[in-house]
Every structure is written in C-alpha cells, then in structure tokens.
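These notes concern the structure reproduced below.
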Amino acid sequence: MLGGSAVRGCVAVDDSLVLLLLLPPATGVNLCATMSVFMKICCFVVNALCLPFHILKALGLYNAYKRVFPFCVHQISVKYNKQMYDKKKELFRKVSDFSRPGGQLTILEIGCGSGTNFEFYPPGCRVICTDPNPNFQKYLDKNMSVNDHLVYDRFLVASGEDLSSVADGSVDAVVCTLVLCSVNSIEQTLQETRRILRPGGAFFFIEHVVGEESTWTHFLQHVFQPVMNYFGDGCEINRQTWKQVEAAGFSEVFLRHIQAPFFILIRPHIIGYAVK
400 MLGGSAVRGC VAVDDSLVLL LLLPPATGVN LCATMSVFMK ICCFVVNALC
450 LPFHILKALG LYNAYKRVFP FCVHQISVKY NKQMYDKKKE LFRKVSDFSR
500 PGGQLTILEI GCGSGTNFEF YPPGCRVICT DPNPNFQKYL DKNMSVNDHL
550 VYDRFLVASG EDLSSVADGS VDAVVCTLVL CSVNSIEQTL QETRRILRPG
600 GAFFFIEHVV GEESTWTHFL QHVFQPVMNY FGDGCEINRQ TWKQVEAAGF
650 SEVFLRHIQA PFFILIRPHI IGYAVK
C-alpha cells in the first residue's frame, strides 16, 4: 500500500483516516459497506447541489467560465510552483539528457496554461506550447517575456488528443503537468505523445491522481468530483492515471507516487518520465 498504509480486513488505515484496528473482521466488513453507502448518499447530495451548473452547461452558458479560468489557474499555479519547486527542479533537470547529439533540444508542452513550467527548462531549448484554451495567451506572453532563456517556437490552440499539426518524431521531450486529469482521453493523448516523440525521446509528467481506497482522500475525491469538474474545467480528481501511463507502450517508465503539499483533494500525485 502507498504511504505506509496498514490493512485490517478490508479497511486501510493511513494518516488521513483513523480507524480502530482491533475491530473484528465482520465489523470491518460492515464498516466498509456502511462507508460505501454513505459515499453514495454524499455523492447524490453534491450532484443535486450542482444542478444549477448542470443547467448552465446544458444551456451553453458555462463556456463563459473558460474566459475566467486562465486567471484562476495562473493564481493557483504561482502558489503550486512554490510548493512543488524542489520536485519540479529535480524532474526537469533530466530533460537536457534527451537532447539530440549536437542539436537543439525541442520541448512540446501539452496544456501549457500560463507557462509556469518555463523557468525549469534548460537554457536555449526550443519550446512549442499547446493548449485548447486560447484565453491563456495573455498570461503565456507574460511568462515568455520573463523566461527569455528559451526560444519559443509557436503557440498551438490544440488538445492533447489531437496534435496533428506536429510532425511524427519531431520533438525530444513532451511535458504534461496537471493536464491528464482533464483530457477527454488519456489513452489518445499518450498515443499522440508517443507519435511526436523521436525514438529515445521522453515524456515528463506531474499529475494528481485518486487516493488509496478506504481513505478520507479517496472518499472526498469521489464526493466532490462534480464540483471539481466544473470549477476545474473538466478536471477529474479520481483518475488512476498511472495505469494508462504504464500501459501506453513506452520502453521505460520511471514513476513514483508522492503526497504533494497541497489541499487534500489533489494531494496524491504521480511524478516521473517515460522513454519512447
């Protein structure tokens, strides 16, 4: 179990969920069943409270939030970068290892957002930015001007599932942070990633994922999923993203689970890189 969880019957115990280890096995089973029913009830209540958002989306009025979303992401990303600085620095230090011999390192970032990863990229590399939301452009331009140690190729308004304007095997590294939670298809995004990577290139990722079963994190993630989906522009906080990464067909996958210093719903993370 991740995070040093202990198991008694079917009940996992970690720092986020304190349960009695001395319960008889039958009691543990009953507790699991009770928690499952309680979760379903809470999910129903939260879904009912989200009814106004469901209606706005059905009427096509929710799209107005997409113009505000980049501002929210930019504010959160600044704080996230500070809290994850050491982890990001350690990960992206490896990017330069995948430069072509005697050539310029080319990085494509899926879901670049406001460009908060730019400060971690090695000097002189060429960066191709992609994001399905064109409203990030203002914040992206600002980060480009601040991080003038990079060469910016272009900004493509494109989703991770469709990078058809990028040639096969044309980039050395693909970066994706806090994006696979909101793509329509993780599998298709990873297929596109492998297609545009040159042989021997690498995919770098940092993603929040679902917590361990029978923990408060797991419980709260499922209950508040509808809320995060709306305010996170399609974010799904209960995905097991590591499974898709491991099954995507990379020759090597270097992945580890961590607990990020952030609020409980997005605390469980995976971080690492995969080689084509």
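Taking this note's numbering, I'd label the letters of the sequence shown as residues 400 to 675.
Glycine is no exception: its CB is placed at the ideal position from the N, C-alpha and C atoms.
This structure is a prediction, so every number in the text was calculated from the model and none was measured.
- Beyond the five residues adjoining it in sequence on each side, Lys675 comes within less than 8 Å, by CB distance, of Arg593, Leu596, Arg597, Pro598, Gly599, Gly600, Ala601, Phe602, Phe649, Ser650 in the same chain, given in chain order.
- Note: His656 is bridge-paired with Ile669 in the DSSP secondary-structure output.
- In the DSSP annotation of this structure, Thr515 is not part of any beta strand (DSSP E), being labelled neither H nor E.
- In this structure, the alpha-carbon of Gln620 lies about 38 Å from that of Ala566.
- DSSP lists Val526 as the bridge partner or partners of Tyr551.
- Taking C-alpha positions only, Arg638 is separated from Gln658 by approximately 15 Å.
- The residue from Phe623, Ala673, Thr515, Lys541 with its alpha-carbon nearest to that of Lys478 is Thr515.
- Minimum Cα-Cα distance from Val467 among the listed residues Glu518, Pro533, Ala572 corresponds to Pro533.
- Closest in C-alpha terms to Ser558, from the list Ile663, Asp571, Phe653, Gly633, comes Gly633.
- Taken in chain order, the complete beta strand (DSSP E) segments of 3 or more residues contained in the stretch 597 to 668 are 651 to 658.
- DSSP links Val674 through a beta bridge to Ala601, Glu651.
- Spanning the alpha carbons of Tyr551 and Phe437 requires a straight line of approximately 50 Å.
- For the 8 Å CB-CB criterion, Asp571 and Leu504 form a contact.
- Residues of the same chain with a CB within less than 6 Å of the CB of Gly510, apart from the 5 flanking positions on each side, are Asp530, Val578 in chain order.
- It is roughly 26 Å from the alpha-carbon of Glu489 to the alpha-carbon of Arg553.
- Only buried fits Ala673, as 16 or more other CB atoms lie within 10 angstroms of its CB.
- DSSP, read as helix, strand or coil, puts Val565 in coil.
- With contacts defined by Cβ atoms closer than 8 Å, Gly671 and Val652 form a contacting pair.
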